[in-house]
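Enquirer: Numbering (full-length UniProt numbering), first residue to last: 1 to 649.
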Amino acid sequence: MVTLQKCEIDALSRDDLVCFVKKQIEKLKSVKTENEKLRTELAEIGKNLSVCEQKCSDVQKENFEKNEEVKLLNESANQASIPSECVLSDSENETIMNIAQLQNELTSVKNMLQEQSKKYEKQVNENERLIYTLAELRSLFDDQQAQLESYKEKRSVENVISLEMADFEKTIERLQKELKAVKNEKQELDTKLSSVTKEMEILYEEKASLSSNIMKFEDALEKETEIDLRDKEQKRLEGQLKDQVSARSEERDQLMIVISNNEKNIKDLQTSNSSLNRQLISLRSQHESLQKQLDDLSQEYSTFKVRAHYVLEQRKSEADQRGEGEMEILEGTIREQKKTIENLVNSTLNLQGELDSSSQHVITLATEVTNLQRQLDTVIESHRKELAEQSREFESRSASATKLNSELIMQLEANSAAHVQEKKNLLITARQERESLQEELERLHHALDEEVKRRTDMEKIQATMTAQNVAIQIQKPVTETPLLSSYLKRPSTLVTSAKEIRNDSNEIYKEKSLEEVIYGESEEDAVIDIWNQSESSMTLEETVQLEHTRELLNESESNNARLLEQTKVLKEEIRKMERNKERENHLSNTEYLKDIILKFIAPEKVTYERGQLIPVLATMLKLSSDEVNLLTRFVEGILFAKLKLLVQI
């Protein structure tokens with residue numbers, strides 16, 4: 001071939017030779033321009049590699065710090081899960097099995113990620129090897145440029161130029177073939193990369209689903225802990241209520257014993273009075289009137305007792321100020337009743353003074369009746385004092401208990417809200433960092449693919465040039481920079497299922513009626529004995545006195561009914577007045593109320609600031625429970641919207 005080309009060159013004329021040489025020179029210039037372009041591209045690739053290495057080192061440092069933070073969170077979660085493990089039930093064991101399965105799936109995903117990181121490290125090593133070969137090719141390229149310059153000086157020798165051109169054309173053909181092979185290899189690598197990226201996307205989707213399941217389990221755990229605390233508080237309050245009910249029942253039993261003793265004494269007196277002569281019929285009628293008065297007083301006492309119990313039960317649900325107002329009203333009614341009792345006693349004393357002349361037996365009976373009345377008054381006053389003291393103690397205890405409960409509830413709500421927000425912030429930051437790392441890894445993959453293509457092309461071109469001109473072998477140690485691979489680990493949390501809330505059965509106590517307690521057994525026998533006697537023995541004076549006493553009793557009954565209705569109306573009006581006064585007192589401090597309302601409307605400076613202001617507004621404006629619930633829902637809706645915005649960002 002060479003001899004043929006020489007013969008063809010010798011056969012050409014001088015003009016043809018000049019054209020041929022010019023064409024060859026233009027080809028050389030084009031090759032030089034391509035080489036310069038390749039050099040600039042190599043320089044840019046080197047810069048990009050240095051930037052990528054710096055970013056990789058920064059990412060490794062950040063991953064190391066995040067791993068330490070994750071370890072600390074795992075330790076704290078394990079410490080928090082120790083007390084909850086003691087309370088696990090059968091349903092909780094099932095949830096633990098589900099969590100173990102999820103953890104196994106997470107380990108498998110992590111293993112897949114480790115394998116892919118190993119592949120990535122292999123590709124990095126191959127890139128470093130390509131960089132080394134590029135350096136060798138650059139040295140060879142410089143040598144070839146020196147040779148080309150020497151050849152330019154020898155343009156006069158046409159035979160040498162023709163030979164070099166022939167060799168150059170052969171090398172070009174070889175390079176074209178090698179380029180085709182490189183393109184095929186590139187297509188294969190592209191297909192592999194596409195498959196790997198698809199697998200990575202599938203793994204990321206599985207990871208996101210697992211993280212969402214873990215978040216759900218964490219929310220369930222928090223709800224269950226709150227329910228447990230509320231159950232404990234309810235049990236404690238129920239125990240206190242049972243103790244108070246038992247104390248009240250004991251007091252009631254004591255009062256019933258005292259009343260039964262008094263009734264026995266009255267029965268004894270009645271039996272003694274029944275043995276008297278016919279002359280004492282008028283006195284018996286008066287005694288019966290007095291006995292009816294005593295019965296009315298006992299009825300009033302029983303009604304007072306029922307009212308006192310009713311007031312004490314209402315105090316458990318109402319505020320302290322309303323209870324004090326009702327006690328004052330009850331004390332006023334008691335004073336009025338005392339006055340009526342005193343008036344009745346005076347009337348009986350007058351009657352007794354009129355009847356002293358009749359017989360000494362009547363005097364003795366009157367003295368006994370007065371003594372009994374005094375005893376009853378002393379017993380009633382002692383019981384009233386005891387009830388007042390007990391009511392005050394109960395009010396103080398209930399106020400202290402309500403304050404403690406409110407403070408504990410506020411503290412628990414604030415702690416739970418802060419804990420939830422911290423967890424959500426940590427999860428949001430971790431997700432953002434993961435997404436940024438994924439984007440950087442994809443960008444690095446694309447850069448590596450482009451570098452591999454360019455370096456393979458340069459290696460093949462320079463290998464052909466070295467085989468034709470000079471065999472230069474340069475050996476340098478290949479430096480390997482293994483990349484550290486770090487993986488974020490998510491703390492595994494134990495999820496406790498909700499416990500069943502047991503409702504305590506309310507005991508039903510059967511009590512005797514008031515008539516059975518106060519009157520005791522029926523007294524029909526004694527009354528029949530009196531009225532079956534002869535009507536001739538009754539005198540006109542005694543009949544007049546009986547009618548007078550009956551009229552007085554009827555008037556007293558009507559007065560009592562009217563007074564009861566008036567007391568009810570007065571109670572309602574007093575309550576309204578007290579509520580209006582309280583509202584006026586709160587509204588008088590308008591500056592304080594204005595500041596609270598502005599804080600509630602303005603954006604929060606501290607987390608859950610609006611939730612802390614809700615009880616203050618409820619006390620200032622006397623809000624109902626429905627209005628307080630509306631405010632709490634409003635605050636929770638704002639917090640949920642903020643969390644959604646953070647997640648979207």
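Where is the CB? At the ideal position from N, CA and C, for every residue including glycine.
On a predicted model such as this, the values are computed, not experimentally measured, just so you know.
Under 9 Å between the Cβ atoms of M620 and I596?
Expert: It is a contact, given that the beta carbons lie within the stated cut-off.
Enquirer: Could you spell out the range, first to last residue, of the alpha helix (DSSP H) harbouring Y608?
Expert: No alpha helix (DSSP H) contains Y608, which DSSP labels as neither H nor E.
Enquirer: Note down the Cα distance separating Q648 from E572, rounded to an integer number of angstroms.
Expert: Spanning the two alpha carbons is a distance of roughly 56 Å.
Enquirer: Assign I25 to one of two classes, buried (16 or more other C-beta atoms within 10 Å of its C-beta) or exposed (fewer than that).
Expert: The residue in question, I25, is exposed, as its Cβ has fewer than 16 Cβ neighbours within 10 Å.
Enquirer: Could you tell me which whole beta strand (DSSP E) segments of length 3 or greater appear in the segment 208-277?
Expert: List check, beta strand (DSSP E) in window: nothing returned.
Enquirer: Drop a sphere of 10 angstroms on the beta-carbon of A402, count the other beta-carbons inside from all chains shown, and report buried for 16 or more, exposed for fewer.
Expert: Note on residue identity: the sequence assigns Thr, not Ala, to residue 402. Its Cβ having fewer than 16 others within 10 Å, T402 is exposed.
Enquirer: State the Cα-Cα distance for the pair S285 and I257, rounded to the nearest angstrom.
Expert: Distance between the alpha carbons of S285 and I257: 29 Å.
Enquirer: Among E336, V452, L312, which residue has its Cα nearest to the Cα of S396?
Expert: Checked all of E336, V452, L312; the closest Cα to S396 is L312.
Enquirer: Exposed or buried, what is I259 when buried is set at 16 or more other beta-carbons lying within 10 Å of its beta-carbon?
Expert: So I259 ends up on the buried side.
Enquirer: Inspect the beta-carbon positions of T225 and Q421 and report whether they are closer than 9 Å.
Expert: No. Outside cutoff.
Enquirer: Can the beta-carbon of L546 be found closer than 9 Å to that of S289?
Expert: Yes, the pair counts as a contact, with Cβ atoms nearer than the cut-off.
Enquirer: Kindly indicate which three-state DSSP category S556 falls into: helix, strand or coil?
Expert: If DSSP states are grouped into helix, strand and coil, S556 belongs with the helices.
Enquirer: DSSP three-state call for L623: helix, strand or coil?
Expert: Reduced to three states, the DSSP call for L623 is coil.
Enquirer: Check whether the segment 450-460 and the segment 166-183 touch, using three or more Cβ-Cβ pairs below 8 Å as the test.
Expert: Because the criterion of three Cβ pairs below 8 Å is met, the segment 450-460 and the segment 166-183 touch.
Enquirer: So H445 and L193 are supposed to be a Cβ contact under 8 Å. How far apart are they, rounded?
Expert: Yes, H445 and L193 are in contact; Cβ-Cβ is about 7 Å, under 8 Å.
Enquirer: I266: buried (16+ other C-beta within 10 angstroms of its C-beta) or exposed?
Expert: It counts as buried.
Enquirer: If you measure between the beta carbons of residue 685 and N262, is that distance less than 9 Å?
Expert: No answer is possible for residue 685: it lies beyond the span of the chain, which begins at 1 and ends at 649.
Enquirer: Exposed or buried, which one is E451 when buried takes at least 16 other CB atoms within 10 Å?
Expert: Answer is buried; the Cβ neighbour count reaches 16.
Enquirer: Judging by CA-CA distance, which residue of T464, K568, E604 is the nearest neighbour of E136?
Expert: The residue with the shortest Cα to Cα distance from E136 is T464.
Enquirer: Ordered along the chain, which non-local residues of its own chain (more than five positions away) have a Cβ less than 6 Å from that of residue 706?
Expert: With the chain covering only 1 through 649, there is no way to say anything about residue 706.
Enquirer: Taking the straight line between their C-alpha atoms, what separation do you get for Q299 and S624?
Expert: The straight-line gap from Cα to Cα measures roughly 38 Å.
Enquirer: Below 9 Å between beta carbons: does that hold for K622 and R562?
Expert: Against a cut-off of 9 Å, the Cβ pair of R562 and K622 comes out as no contact.
Enquirer: From K644, E584, T549, K453, pick the residue whose C-alpha is nearest to that of L189; which is it?
Expert: Out of K644, E584, T549, K453, K453 has the C-alpha closest to the C-alpha of L189.
Enquirer: Report the CB separation of I329 from L570 in whole angstroms; it is logged as a contact under 8 Å.
Expert: Right, the Cβ-Cβ distance comes to about 7 Å (below 8 Å), so this counts as a contact.
Enquirer: May I have a chain-ordered list of the alpha helix (DSSP H) segments no shorter than 4 residues that lie completely inside the segment 425-463?
Expert: The segment 425-463 contains no whole alpha helix (DSSP H) run of 4 or more residues.
Enquirer: What does the alpha-carbon distance come out to for the pair F634 and K385?
Expert: Distance between the alpha carbons of F634 and K385 is about 49 Å.
Enquirer: Count the other C-beta atoms from every protein chain shown that fall within 10 angstroms of the C-beta of L237, then say buried if there are 16 or more, exposed otherwise.
Expert: L237 should be labelled exposed.
Enquirer: Assign R610 to one of two classes, buried (16 or more other C-beta atoms within 10 Å of its C-beta) or exposed (fewer than that).
Expert: Classification of R610: buried, given that the 10 Å Cβ count is 16 or more.
Enquirer: Roughly how many angstroms lie between the CA atoms of L130 and A641, to the nearest whole one?
Expert: Each residue's alpha carbon lies about 53 Å from the other.
Enquirer: Drop a sphere of 10 angstroms on the beta-carbon of L426, count the other beta-carbons inside from all chains shown, and report buried for 16 or more, exposed for fewer.
Expert: Result: exposed.
Enquirer: State yes or no: is the C-beta of L203 within less than 9 Å of the C-beta of M112?
Expert: The answer is yes: Cβ separation under 9 Å.
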